[in-house]
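Novice: The structure that follows is given in the form of structure tokens.
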Amino acid sequence: MCGVFGIHGHDEAANIGYLGMHALQHRGQESAGLVAVEDGRLRRHVAMSLVSDAFDRESLAKLPGRTAIGHVRYSTAGSSELRNAQPFVFEYAGGQVSIAHNGNLVNANEIRSELEAQGSIFQTSSDTEVIVHLMAKAKVAAQNDVLARLTYALNRVRGAYSLVLLTSDERMIGVRDPNGFRPLVIGRLKDAFVLSSETSAFDLIEAEFIREVEPGEIVVIEKNGMTSHKLGFDQGSQAPTFCVFEHVYFARPDSLVNGKSVYRAREKMGMKLAQEHPIEADVVIAVPDSGVPAAIGYSRESGIPFEMGLIRSHYVGRTFIEPQESIRHFGVRLKLSPVRSIVDGKRVVVVDDSLVRGTTSRKIVKMLRGAGAREVHMRISAPPTTHPCFYGIDTPNRSELVAASHTIEEIGRYVTSDSIAYLSHDGMMSAVSGSSSSGSGYCSACFTGNYPVALGTENLVQLRTNRAAR
Ligand code: AMP
21 MCGVFGIHGH
31 DEAANIGYLG
41 MHALQHRGQE
51 SAGLVAVEDG
61 RLRRHVAMSL
71 VSDAFDRESL
81 AKLPGRTAIG
91 HVRYSTAGSS
101 ELRNAQPFVF
111 EYAGGQVSIA
121 HNGNLVNANE
131 IRSELEAQGS
141 IFQTSSDTEV
151 IVHLMAKAKV
161 AAQNDVLARL
171 TYALNRVRGA
181 YSLVLLTSDE
191 RMIGVRDPNG
201 FRPLVIGRLK
211 DAFVLSSETS
221 AFDLIEAEFI
231 REVEPGEIVV
241 IEKNGMTSHK
251 LGFDQGSQAP
261 TFCVFEHVYF
271 ARPDSLVNGK
281 SVYRAREKMG
291 MKLAQEHPIE
301 ADVVIAVPDS
311 GVPAAIGYSR
321 ESGIPFEMGL
331 IRSHYVGRTF
341 IEPQESIRHF
351 GVRLKLSPVR
361 SIVDGKRVVV
371 VDDSLVRGTT
381 SRKIVKMLRG
391 AGAREVHMRI
401 SAPPTTHPCF
411 YGIDTPNRSE
421 LVAASHTIEE
431 IGRYVTSDSI
441 AYLSHDGMMS
451 AVSGSSSSGS
461 GYCSACFTGN
471 YPVALGTENL
481 VQLRTNRAAR
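The sequence shown runs contiguously to residue 490 in the working numbering.
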């Protein structure tokens, strides 16, 4: 869970980078950083905070140059501390390079152990640093052949990576892994090229969306324009497997990801949910913000009016986003409050995009009953989350995923709703792909346990341990 951004060839590169990162803030709130290049020198500023707190006029002024890359981070590999804040800057025989990574590598620990045994000294606990070390070690004909170094490194790693790199000779590089788990899009802002995790950043800076970086593609942007290269190897399933959870929850609804409107996909999930699991009720409400488009879809399809029955305070972060359990527990009540005049005496359908541990739903049901709801019917616009993600979405261990060890009826009893129902896998797939329900072209491992790229030893151990623990 991270966002990456880059702008090449703009007089206000750092300022535009700062704005772009704002529009990607939902992808990570732990740290924010920018690296800019001028006269062959990379300058970096990172902080453990939101974008608006990480930068001020002074820090942006210290990042001169016409090309810059940025990163917002939510840790899924490596701990939450400054040394892991990206973009990283490193120096090797070919010059300086900076790297920003969204995704998770599954074999980083194996490679790291191997490199450490050979004498490498790692400075962070981030999986991204493995790519950096491999790039430095690559045997290439020309020292500054960053493309050859990168291809060598990416040939060794497995998993999810959407990368933006910046070299001291002002080349900006974008890469997506062969499966294309995480998004990465290319835009133009007048003469400048822009790379971003999501198009939401283009709308803010008024850049034009050109196209996606294709799975397994490397784009190199330099003074003369952009060239496209192939990674030239295949590490997973032949077909791309874009993360379906980006559509379900993670991406911003105003973004286009994998060529599709996130808002429309969520709305369709809600419509399908109403077809699959209708219920007699007086009002449909959403768990804001991520549940809103699906609730609108449910309302439209069922004919039951949609109301804002839960209000979200925008002055606290996402509930999940604070890593400690204690704060997360408090988070729900801190963030959401019911509107009594909407729910009092009513039969309420409450739509959320996903149910992970079940603690949010349980608290919401209690809150709604406290505000007078006569009946509360939970509707989840995705299938039960049964498996952890190892490709870059923060999901808890399998033992904490309530659907990994409980039936839907048991979950209903736990959250104390009058009824509970989930969207089917086919329903979700037809909502995102528009046609086939097979799910090809998407990774839905968190709902099925079918991991499209072979997991690393550590991931397998984690899966096994959790199974044994139950
Ligand atoms: P839980 O209480 O664990 O069932 O959390 C479910 C809530 O967390 C839902 O409202 C989701 O919108 C949200 N959610 C699901 N997955 C994630 C995630 N990876 N990060 C942050 N929030 C999430």
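Ideal placement from N, C-alpha and C gives every residue a C-beta, glycine not left out.
How big is the Cα-Cα spacing for Ser381 and Ser146?
Specialist: Each residue's Cα considered, the two are about 33 Å apart.
Novice: Could you give the DSSP three-state label for Cys263: helix, strand or coil?
Specialist: Here Cys263 sits in strand by DSSP.
Novice: Which residues does DSSP pair with Tyr462 in a beta bridge?
Specialist: Answer by DSSP bridge pairing, in chain order: Phe262.
Novice: Would you call the CB atoms of Leu388 and Val370 closer than 8 Å?
Specialist: Yes, these two residues count as a Cβ contact at 8 Å.
Novice: Counting only runs of 3+ residues fully inside the region 185-224, write out the beta strand (DSSP E) ranges in chain order.
Specialist: Complete beta strand (DSSP E) runs here, min 3: 192-196, 205-209, 212-216.
Novice: Between Gly26 and Ala105, is the Cβ-Cβ spacing less than 8 Å?
Specialist: No, the Cβ-Cβ distance between Gly26 and Ala105 is not below 8 Å.
Novice: Could you tell me whether the Cβ atoms of Leu154 and Arg176 are closer together than 8 Å?
Specialist: Cβ atoms of Leu154 and Arg176: closer than 8 Å.
Novice: What is the rounded straight-line gap between the Cα of Gln482 and the Cα of Thr406?
Specialist: Their backbone Cα atoms lie some 14 Å apart in a straight line.
Novice: Please go through the same chain and pick out, in chain order, the residues whose beta-carbon is closer than 6 Å to the beta-carbon of Lys383, but skip the five residues on each side of it.
Specialist: Excluding positions up to five away in sequence, the list reads Val352.
Novice: Assign Ile89 to one of three DSSP states: helix, strand, or coil.
Specialist: DSSP places Ile89 in strand when its eight states are reduced to three.
Novice: Mind checking which residues open and close the beta strand (DSSP E) that includes Leu330?
Specialist: 330-332 is the extent of the beta strand (DSSP E) around Leu330.
Novice: What are the boundary residues of the beta strand (DSSP E) that Pro403 is part of?
Specialist: Premise fails: Pro403 is in no beta strand (DSSP E) and is neither H nor E.
Novice: Going by CA-CA distance only, name the one from Asn479, His28, Gly469 that's closest to Met246.
Specialist: Minimum Cα distance to Met246 is reached at His28.
Novice: Just how far apart, CA to CA, sit Gly392 and Arg360?
Specialist: Roughly 7 Å between the two C-alpha positions.
Novice: What residue from Ala56, Val473, Met41 has the CA that sits closest to His30's CA?
Specialist: Nearest of Ala56, Val473, Met41 to His30, Cα basis: Ala56.
Novice: Let me know the alpha helix (DSSP H) ranges lying completely inside the region 376-448, each 4 residues or longer, listed in chain order.
Specialist: Qualifying alpha helix (DSSP H) stretches, in chain order: 379-390, 422-425, 428-435.
Novice: Spell out whether any CB of chain B is found under 8 Å from the CB atom of Pro403.
Specialist: In the displayed structure, chain B is absent; only one protein chain is listed.
Novice: On the DSSP bridge assignment, give the partners of Tyr112 in chain order.
Specialist: Gly115, per the DSSP bridge assignment.
Novice: Is Val371 near ligand 1, in the sense that its beta carbon is under 7 Å from a heavy atom of that ligand?
Specialist: Flag unset: Cβ of Val371 not near ligand 1.
Novice: Assess, as a yes-or-no matter, whether the region 283-292 is touched by the region 258-275 under the definition of 3 or more beta carbon pairs within less than 8 Å.
Specialist: Contact holds: three or more Cβ-Cβ distances are below 8 Å.
Novice: What are the partner residues of His249, as DSSP defines its beta bridges?
Specialist: Answer by DSSP bridge pairing, in chain order: Ile238.
Novice: Within its chain, find whatever has a CB closer than 6 Å to the CB of Asn127; leave out the 5 residues flanking it on each side and keep chain order.
Specialist: Same-chain partners within the cutoff: Arg178, Gly476.
Novice: Pairing CB atoms from the region 287-296 with CB atoms from the region 223-233, are three or more of them under 8 Å?
Specialist: These segments do not touch.
Novice: Since Pro403 and Tyr442 are thought to touch, with beta carbons under 8 Å apart, how far apart are those beta carbons, to the nearest angstrom?
Specialist: Their Cβ separation, rounded to whole angstroms, is 5 Å, which keeps Pro403 and Tyr442 in contact under 8 Å.
Novice: Among the candidates Leu186, Pro298, Gly390, Arg63, whose CA atom is the shortest distance from the CA of Ser79?
Specialist: Comparing Cα-Cα distances from Ser79 to each of Leu186, Pro298, Gly390, Arg63, the minimum goes to Arg63.
Novice: Around the C-beta of Ile400, are 16 or more other C-beta atoms found within 10 angstroms, so that it is buried, or is it exposed?
Specialist: Ile400 is buried by the Cβ-count criterion.
Novice: Output the distance between the C-alpha atoms of Asn244 and Asn35, rounded to the nearest integer angstrom.
Specialist: Looking at the two C-alpha atoms, the distance is approximately 23 Å.
Novice: Would Asn470 be called buried (16 or more neighbouring beta carbons within 10 Å of its own) or exposed?
Specialist: Exposed, because fewer than 16 other Cβ atoms sit within 10 Å of the Cβ of Asn470.
Novice: Where do the N-terminal and C-terminal ends of the beta strand (DSSP E) with Val166 fall, by residue?
Specialist: Note, Val166: premise wrong, no beta strand (DSSP E); alpha helix (DSSP H) at 166-176.
Novice: Let me know the secondary structure DSSP gives Asn127 once reduced to three states.
Specialist: Note: Asn127 maps to coil in three-state DSSP.
Novice: Using 10 angstroms around the beta-carbon of Glu218, count the other beta-carbons present and answer buried if the total reaches 16, otherwise exposed.
Specialist: So Glu218 counts as buried.
Novice: Can you determine whether any heavy atom of ligand 1 sits closer than 7 Å to the C-beta of Val166, and answer yes or no?
Specialist: Answer for Val166: no, Cβ out of range of ligand 1.
Novice: Is Ile413 near ligand 1, with its Cβ less than 7 Å from a heavy atom?
Specialist: At least one heavy atom of ligand 1 is nearer than 7 Å to the Cβ of Ile413, so yes.
Novice: So, with DSSP's three-state summary, where would you put Pro358?
Specialist: Three-state DSSP puts Pro358 in a strand.
Novice: Are there 16 or more other CB atoms within 10 angstroms of the CB of Pro358, so buried, or fewer, so exposed?
Specialist: Buried: at least 16 other Cβ atoms inside 10 Å.
Novice: CB of Thr436 to nearest heavy atom of ligand 1: below 7 Å?
Specialist: Answer for Thr436: no, Cβ out of range of ligand 1.
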